[in-house]
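Visitor:
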Amino acid sequence: MTDRKRGQKPEITRREILKGAGVATAALGAVSLSACQSESGGRAALLWDQAADVVIVGTGVGAGTAALTARENGDSVVMVDKAPVFGGTSAKTVGVIWIPNNFTLQAKGIEDSKTDCLKYLARYSFPELYSADAHQLGLDDHTYSLLEAFYDNAHKAADQLRETGAINLAEWRMFHLDRSATDYLDHVPENKVPTGRTLGIVGADGVMGTGVDMMGQLEAALRARDTDILLGHRAVKLVVNDTGRVVGLQADRDGQSVMLQARKGVIFASGGYAHNRQLLASNQRNRFYGSCATPMATGDFIHIAGAVGARLGNMSSAWRSQVVLEQALKNSKLAGGVFIPAGDSMFHVNKYGLRAVNEKRNYNDRTEVHGIYDSSRAEYPNQLMIMIYDQRSAEAFAGIYPLPEQPGDSSFVLQGNSLDELGEQLQQRLKELATATGGYTLDASFTENLAQTLAKFNTYARTGKDADFQRGEASYDSEWHQAFSPMRTDTDWPVNDFPSDTMYPLREEGPYYATILAAGGLDTNGGPVIDAKARVLNVDDQPIPGLYGAGNCIASPSRDAYWGAGCPLGLSLTFGFIAANSAHLEENEQS
Ligand SMILES: Cc1cc2nc3c(=O)[nH]c(=O)nc-3n(C[C@H](O)[C@H](O)[C@H](O)COP(=O)(O)OP(=O)(O)OC[C@H]3O[C@@H](n4cnc5c(N)ncnc54)[C@H](O)[C@@H]3O)c2cc1C
Numbered sequence: 000m001t002d003r004k005r006g007q008k009p010e011i012t013r014r015e016i017l018k019g020a021g022v023a024t025a026a027l028g029a030v031s032l033s034a035c036q037s038e039s040g041g042r043a044a045l046l047w048d049q050a051a052d053v054v055i056v057g058t059g060v061g062a063g064t065a066a067l068t069a070r071e072n073g074d075s076v077v078m079v080d081k082a083p084v085f086g087g088t089s090a091k092t093v094g095v096i097w098i099p100n101n102f103t104l105q106a107k108g109i110e111d112s113k114t115d116c117l118k119y120l121a122r123y124s125f126p127e128l129y130s131a132d133a134h135q136l137g138l139d140d141h142t143y144s145l146l147e148a149f150y151d152n153a154h155k156a157a158d159q160l161r162e163t164g165a166i167n168l169a170e171w172r173m174f175h176l177d178r179s180a181t182d183y184l185d186h187v188p189e190n191k192v193p194t195g196r197t198l199g200i201v202g203a204d205g206v207m208g209t210g211v212d213m214m215g216q217l218e219a220a221l222r223a224r225d226t227d228i229l230l231g232h233r234a235v236k237l238v239v240n241d242t243g244r245v246v247g248l249q250a251d252r253d254g255q256s257v258m259l260q261a262r263k264g265v266i267f268a269s270g271g272y273a274h275n276r277q278l279l280a281s282n283q284r285n286r287f288y289g290s291c292a293t294p295m296a297t298g299d300f301i302h303i304a305g306a307v308g309a310r311l312g313n314m315s316s317a318w319r320s321q322v323v324l325e326q327a328l329k330n331s332k333l334a335g336g337v338f339i340p341a342g343d344s345m346f347h348v349n350k351y352g353l354r355a356v357n358e359k360r361n362y363n364d365r366t367e368v369h370g371i372y373d374s375s376r377a378e379y380p381n382q383l384m385i386m387i388y389d390q391r392s393a394e395a396f397a398g399i400y401p402l403p404e405q406p407g408d409s410s411f412v413l414q415g416n417s418l419d420e421l422g423e424q425l426q427q428r429l430k431e432l433a434t435a436t437g438g439y440t441l442d443a444s445f446t447e448n449l450a451q452t453l454a455k456f457n458t459y460a461r462t463g464k465d466a467d468f469q470r471g472e473a474s475y476d477s478e479w480h481q482a483f484s485p486m487r488t489d490t491d492w493p494v495n496d497f498p499s500d501t502m503y504p505l506r507e508e509g510p511y512y513a514t515i516l517a518a519g520g521l522d523t524n525g526g527p528v529i530d531a532k533a534r535v536l537n538v539d540d541q542p543i544p545g546l547y548g549a550g551n552c553i554a555s556p557s558r559d560a561y562w563g564a565g566c567p568l569g570l571s572l573t574f575g576f577i578a579a580n581s582a583h584l585e586e587n588e589q590s
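Dropping the structure here:
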């Protein structure tokens with residue numbers, strides 16, 4: 000800790016404070032300022048180790064943007080992160096950020112109007128409510144105001160990051176294609192600007208960087224602005240005064256309590272609960288086998304904010320992605336995302352040998368299919384999905400995850416000279432994994448259906464029309480397939496000259512390959528509900544004074560939708576920006 004006030008003689012010890020707080024607020028789990036006052040006989044007696052206008056929890060992009068905004072507003076800042084390094088999951092990202100009406104669109108003269116953009120957001124996030132002609136597009140005041148706040152502030156937040164030199168932003172170009180990114184629901188009529196909303200990071204070498212560059216630049220900008228960054232400090236409890244206002248934070252460093260006073264507010268941007276087994280079990284059922292989020296993503300804010308009466312929302316949602324089951328079972332914290340499954344002579348089937356989804360849809364929406372319940376059979380038929388491909392895809396797309404560099408050269412790839420043999424291999428492997436998968440096994444109809452599915456898929460590939468799941472019809476499918484899954488040029492396999500480059504007929508003879516996929520995610524995105532000022536709401540829908548939230552730790556304003564590449568980062572930094580501005584404008588009566 001840099002400027003801890005060690006010289007001051009405390010009127011009560013920290014131990015006494017915590018003891019008193021514990022008696023007064025054991026049920027709440029928050030530190031009550033009045034409990035400390037009553038023991039010591041005066042407000043001034045509470046020992047703060049450090050004070051700042053704004054205390055921020057986390058060092059990911061939401062927290063970093065909040066900190067930068069606060070510093071630009073002239074507010075002093077203390078950031079705490081329980082990790083030993085700066086950057087959170089944000090530093091692990093591709094570093095793409097979805098910002099509507101951004102400066103690159105404006106520079107090109109492309110209008111991304113609020114009216115049209117809100118229609119896209121509402122249509123994608125709330126299809127069961129959306130009505131173009133209804134008041135607020137059919138959404139309630141709270142939901143609509145969050146979407147509005149995002150549209151109104153996202154480009155301002157990005158401009159601030161760019162103009163202050165905190166993050167060097169530019170239009171993000173899709174890998175290999177070198178063109179603007181296509182949104183994840185580009186083909187609905189409500190999306191009037193289907194490409195160009197995604198920004199990327201320019202690294203020090205002048206080329207497109209990633210999340211490491213983004214968070215490195217942001218950390219440097221914050222340190223240059225004298226921001227106190229306390230790593231290895233875990234936020235434990237909020238400190239509230241007798242009016243219920245949040246006035247500080249109790250953190251833990253190596254078992255020692257550190258009391259941080261927040262004159263204007265405490266902002267949490269502490270990530271989701273991707274690695275909290277208990278929360279996953281109660282909220283995600285069979286839909287979260289693993290995540291590549293930082294191991295620190297344990298949903299601490301849910302408990303901390305719950306202790307001061309916060310209302311929770313969106314708890315069963317996540318930024319979803321398929322994972323390779325066997326990798327996730329080995330280490331759920333290292334499960335890599337199967338973002339766009341590689342290959343064109345490739346499809347996914349369930350335990351009945353049937354396709355259930357467009358395999359080239361975006362990872363978030365595609366993964367939803369794992370959660371479909373069959374009420375007659377009382378089961379989740381797609382709990383696991385099996386990626387099937389032939390020798391062409393195995394060689395022509397070798398090395399593109401999850402395909403190994405050499406065909407079949409991985410413990411999670413099964414191989415059979417015929418579909419029958421492949422089915423037998425799969426059945427055996429599923430049996431071995433049964434204790435971890437609820438006994439998910441292939442149905443007796445699997446192999447017969449698989450042969451029919453293959454024949455049907457091959458017809459679709461030849462005609463370019465996937466009558467079941469419309470694979471390849473939207474520009475998104477083809478462009479992201481090319482971006483994530485470019486065909487190798489060092490094989491003898493012919494280029495795909497069938498009508499859709501996303502589909503190629505599988506060969507009539509083996510070998511065939513299979514990999515078992517499960518649902519996982521980038522992180523979860525449920526937690527305390529915020530309002531359009533990023534204020535955390537209580538169970539009566541009233542703001543809890545002095546408490547703000549942004550990013551994956553709060554109930555995402557987008558609910559389940561992933562509006563385009565960079566949607567989570569775009570939301571996180573925007574609401575971090577809003578939170579710091581809101582805190583700046585609020586008076587802390589107890590300071
Ligand atoms: C491999 C990968 C790639 C991704 N790529 C992208 C991408 O390109 N674009 C995109 O939009 N999204 C991407 N994501 C999604 C990603 O989850 C979010 O976009 C983003 O990183 C979330 O940022 P955040 O601000 O919520 O906080 P995070 O970056 O998750 O940071 C939270 C921080 O809070 C800290 N913390 C947690 N609890 C406490 C506590 N009690 N006390 C103190 N500190 C605490 C953690 O240590 C962590 O440092 C990707 C995710 C992964 C895993």
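Numbering (numbering that gives the first Met the number 0), first residue to last: 0 to 590. C-beta: ideal position from N, C-alpha, C; glycine also.
1) Which same chain residues, not among the five before or five after Val206, have their C-beta less than 7 angstroms away from its C-beta?
2) Confirm, please, whether the CB-CB distance from Ala51 to Val79 is below 8 angstroms.
3) What residue range is occupied by the uninterrupted alpha helix (DSSP H) comprising Thr64?
4) Would Arg461 pass as a contact of Pro403 if the rule is Cβ separation under 8 angstroms?
5) Which residue spans inside the segment 383-446 form an unbroken alpha helix (DSSP H) run of at least 4?
6) When DSSP labels each residue in this structure, what does Val323 get in the three-state scheme?
7) Out of curiosity, what's the CA-to-CA distance linking Phe456 and Ala334?
8) CB Asp476 to CB Lys359, shorter than 8 angstroms?
9) Could you work out which residue in Pro544, Asn381, Tyr561, Gly437 is closest to Leu237 when comparing CA atoms only?
10) So Ser581 is in the alpha helix (DSSP H); what residue range does that whole segment cover?
11) Only counting runs of 4 or more residues, tell me where the alpha helix (DSSP H) segments fall wholly within the segment 305-362, in order along the chain.
12) Look at the Cβ atom of Ala327, then the Cβ atom of Gly289, and state whether they are nearer than 8 angstroms.
13) Measuring only from the beta carbon, is Gly565 closer than 7 angstroms to any heavy atom that is part of ligand 1?
14) Using a threshold of 7 angstroms, is the CB atom of Ala62 nearer than that to any non-hydrogen atom of ligand 1?
15) In three-state terms, what does DSSP make of Ile515?
16) Express the C-alpha separation of Thr92 and Gly596 in angstroms, rounding to a whole number.
17) Measuring alpha carbon to alpha carbon, tell me which of Gln249, Val30, Ala157 ends up nearest Asp241.
18) By how many angstroms is the C-alpha of Phe125 removed from the C-alpha of Ala133?
19) Does the segment 307-319 come within contact of the segment 519-538, defined as at least 3 CB pairs closer than 8 angstroms?
20) Going by other Cβ atoms of all chains shown within 10 Å of its Cβ, with 16 needed for buried, is Gln277 buried or exposed?
21) Nearest to Arg319 by alpha carbon, out of Ala223, Cys566, Val84, Phe574?
22) Using a Cβ-based criterion (distance less than 7 angstroms to any ligand heavy atom), does Thr58 qualify as near ligand 1?
23) Can you tell me whether Arg262 is helix, strand or coil according to DSSP?
24) Could you check if Ile96 belongs to the surroundings of ligand 1, using beta carbon to heavy atom distance under 7 angstroms?
25) Pick helix, strand or coil for Glu378, following the three-state DSSP scheme.
26) If you measure between the beta carbons of Met502 and Asp343, is that distance less than 8 angstroms?
27) Measuring CA to CA, which of Ile266, Leu568, Ala579, Val192 is closest to Ser89?
28) Kindly confirm or deny that the segment 290-301 and the segment 373-391 touch, where touching means at least three C-beta pairs closer than 8 angstroms.
29) Please tell me whether Gly87 and Gly57 are closer than 8 angstroms, where the distance is taken between their beta carbons.
30) Confirm the yes/no value for this check: CB of Ala333, any heavy atom of ligand 1, distance under 7 angstroms.
31) So the candidates are Leu421, Gly398, Met384; which of them puts its Cα closest to the Cα of Tyr439?
32) Using 10 angstroms around the beta-carbon of Asn580, count the other beta-carbons present and answer buried if the total reaches 16, otherwise exposed.
33) DSSP state of Asp299, grouped into three classes?
34) Check whether the segment 267-282 touches the segment 101-113, counting contact only when three or more Cβ pairs, one atom from each stretch, lie closer than 8 angstroms.
35) Beta-carbon within less than 8 angstroms of Gly463's beta-carbon, same chain only, minus the 5 sequence neighbours each way: which residues are those?
Guide: Considering the structure as presented:
1) none
2) no
3) 60-71
4) no
5) 390-395, 418-431
6) strand
7) 29 angstroms
8) yes
9) Pro544
10) 566-584
11) 324-329
12) yes
13) yes
14) yes
15) strand
16) The structure shown does not extend to residue 596, since the chain spans only 0 to 590, so no value can be given for it.
17) Val30
18) 13 angstroms
19) yes
20) exposed
21) Cys566
22) yes
23) strand
24) yes
25) strand
26) yes
27) Leu568
28) no
29) yes
30) What sits at residue 333 in the sequence shown is Leu, not Ala. It does not: the Cβ of Leu333 is nowhere closer than 7 angstroms to a heavy atom of ligand 1.
31) Met384
32) buried
33) helix
34) no
35) Gly471, Phe497, Pro498, Ser499, Met502
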